[in-house]
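So the sequence shown is residues 67 to 468, counted in my numbering. Glycine is no exception: its CB is placed at the ideal position from the N, C-alpha and C atoms.
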Amino acid sequence: MSPALRCYRCGDRYRDPLRVRCDCGEPLWFEPDAAAFGWEDCRAYDGAWRYEPLLPIDRPEGVARAAGGTPLVRSEGLDDAAGCRVYVKDEGEHPTGAYKDRGSAAAVPHAVAAADGAVGTVSYGNMAMSPAAHAASLDRECVVLVPDDISPVRLELIGQYEPTIVRVDGDYGALYGDALDLSDELPVRFLVSDAPARISGYATAMFEICEAFAPDAPDAVVLPTSSGGFASGLWRGIRDLEAAGRLDDPPRLCLVQTAASDPITRAFESGATDPTPIAPDETGETIAHSIGNPGPRARVRALAAVRDTAGAVVSVDDDRDTSRAAAVPVDGGFCVEPASAASLAGATRLSERGEIDDDDAVVLVPTGTGFKELGTGDASVATERTNRSALPERLASLLGAR
Ligand SMILES: *Cc1c(COP(=O)(O)O)cnc(C)c1O
Ligand SMILES: [Zn+2]
67 MSPALRCYRC GDRYRDPLRV RCDCGEPLWF EPDAAAFGWE DCRAYDGAWR YEPLLPIDRP
127 EGVARAAGGT PLVRSEGLDD AAGCRVYVKD EGEHPTGAYK DRGSAAAVPH AVAAADGAVG
187 TVSYGNMAMS PAAHAASLDR ECVVLVPDDI SPVRLELIGQ YEPTIVRVDG DYGALYGDAL
247 DLSDELPVRF LVSDAPARIS GYATAMFEIC EAFAPDAPDA VVLPTSSGGF ASGLWRGIRD
307 LEAAGRLDDP PRLCLVQTAA SDPITRAFES GATDPTPIAP DETGETIAHS IGNPGPRARV
367 RALAAVRDTA GAVVSVDDDR DTSRAAAVPV DGGFCVEPAS AASLAGATRL SERGEIDDDD
427 AVVLVPTGTG FKELGTGDAS VATERTNRSA LPERLASLLG AR
């Protein structure tokens, strides 16, 4: 049976396991009874389900079993660019290429067990593919609401799982609220960015990081932030481990936004607790499209997470992000999407400002793979040419052998 849903802000509890928001307006989360948890209680499962005692459901069937267990790699090549001792938690190594799978692995089976009918999602990016894949593996219908002008590449990526894709003409940003209403009226459960079971799944990333560092912890975790869902989940993980007495000195949560749309950064800098959404005509274009979000749904909770952990919020512009995006594969060997490279660009910023020291152990979280973005036929890649008989000599000269 699921633990109670609780509001982090007013403390109210709810018993309906599919409820998403508190009467006060803030998103809810599951609060497991973590007090008795120790690392020795981890299950002998791969990945996220190791932490089954802290999750709202038991290990399900299907692709959900592939969630978590992503590599945490000490990446010295990135130290200079970041200005600290870099560890990379490569969340792109998930079935659909993004950390979203941790959340879907918990939320889709949770919804399937709780109610008949379809599951749904409102997204044309990683949040569309991930629930579609998880629903497919449980033979449950999935409805994906996408904008009418969606690109063919994205349709192809989502379409491979054969969900019911509905193109919606109109104010796409307003569909979050519509989706929660539709979940009450129709046999479909929309699993939005801050669905509580999703947040529980995200917490497993923090469990993995802290178990790897135990009994110590990293100084900071730096991640790109859009809705604030992942940040909420990492904070949930910190709170569970603190309740369990496994974390004396929790890592600082440092969020990175794109300067094109950064309501959480603005609130952090002004000292506000409630970030104000950015007006559509003030929202810029960005290559980091996964984090270009003028009205993050979990913005208040994400900012609370930052304040509670003495973290920070910074914004990076596309120029800086692009230069760092290049450093991630060149100096680190990781293939990431632009929004994910923002974690490195953000760490650079923080160390320039003296908020991160060069001997700090900092976990950068590339949230999504770059494989979906590349392969569009960019002809500007530098190459050398030769014929076969001249190859030995040419190669010798390229390698600097005389
Ligand atoms: C969804 C997503 C984000 C933003 O995460 P939130 O939970 O919405 O803050 C960042 N990076 C990638 C690759 C994503 O898919
Ligand atoms: Zn509340």
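Asked                                                                                                                   : Found
Contact the stretch 241-259 vs the stretch 140-160: 3+ CB pairs below 8 Å                                               : no
Closest by C-alpha distance to ALA286, when choosing among GLU277, PHE296, ARG318                                       : ARG318
Any non-hydrogen atom of ligand 1 closer than 7 Å to GLY436 Cβ                                                          : no
Reference GLY337, options ALA370, ALA310, ILE357, closest by Cα                                                         : ALA370
Contact between the stretch 397-412 and the stretch 231-246 (3+ Cβ pairs under 8 Å)                                     : no
Whole-number beta carbon distance between ALA408 and THR339, since they are thought to touch under 8 Å                  : About 24 Å; that fails the 8 Å criterion.
Counted within 10 angstroms of its Cβ, other Cβ atoms place PRO346 as buried (16 or more) or exposed                    : exposed
Three or more C-beta pairs below 8 Å linking the stretch 202-215 and the stretch 116-136                                : yes
Cβ-based burial, ARG305 [other Cβ within 10 Å; buried from 16]                                                          : buried
SER381 beta carbon near ligand 1 (any heavy atom closer than 7 Å)                                                       : no
Residue burial classification, ASP426 (beta-carbon count within 10 angstroms, cutoff 16)                                : buried
Candidates ASP78, ASP145, PRO329, VAL428, of which the one nearest GLY377 by Cα                                         : VAL428
When ALA110, ARG264, GLY104, PRO281 are compared against PRO122, the one with the closest alpha-carbon                  : ARG264
VAL234 versus PRO213, ALA172, VAL382, SER356, residue with shortest Cα-Cα distance                                      : PRO213
Alpha carbon of PRO98 to alpha carbon of GLY466, nearest angstrom                                                       : 60 Å
8 Å Cβ cutoff met for SER292 and ASN359                                                                                 : yes
C-alpha gap between ARG415 and GLY434, whole angstroms                                                                  : 21 Å
Proximity test, CYS276 beta-carbon vs ligand 2 heavy atom, cut-off 7 Å                                                  : no
Close-in-space but distant-in-sequence residues of the same chain around PRO343 (CB under 7 Å, 5 per side omitted)      : PRO329, PRO360, GLY361
Same chain, Cβ closer than 7 Å to GLU277, five either side skipped, listed in chain order                               : TRP105
Anticipated Cβ contact below 8 Å, PRO197 with SER170, distance rounded                                                  : 5 Å
Per DSSP, cross-strand counterpart(s) of LYS155                                                                         : LEU138
For GLY350, the nearest candidate out of SER327, ALA368, ALA364 (CA to CA)                                              : SER327
With 16 other Cβ atoms within 10 Å as the buried cut-off, status of GLU439                                              : buried
Option nearest GLY436 by Cα separation, candidates ASP424, ALA391, VAL209                                               : ALA391
Neighbourhood of VAL152 by C-beta distance below 7 Å, restricted to the same chain and skipping five residues each side : SER141, LEU144, ASP145, VAL428, LEU430
Proximity of ARG168 and GLY134 at Cβ, strictly below 8 Å                                                                : yes
Burial state of THR331, where buried means 16 or more other Cβ atoms lie within 10 Å                                    : buried
DSSP three-state assignment for LEU248, whether helix, strand or coil                                                   : helix
N- and C-terminal bounds of the beta strand (DSSP E) containing ARG131                                                  : It is not in any beta strand (DSSP E) - ARG131 carries neither H nor E in the DSSP assignment.
Neighbourhood of LEU464 by C-beta, 7 Å cutoff - its chain only, sequence neighbours within 5 removed                    : GLU450
Beta-carbon gap between GLU348 and LEU138 smaller than 8 Å                                                              : no
Which of helix, strand or coil DSSP assigns to ALA147                                                                   : helix
Distance cut-off 7 Å: MET272 Cβ against heavy atoms of ligand 1                                                         : no
Terminal residues of the beta strand (DSSP E) in which PHE96 lies                                                       : 94-96
Member of ALA269, ASP215, TYR80 whose CA lies at the smallest distance from the CA of GLU118                            : ALA269
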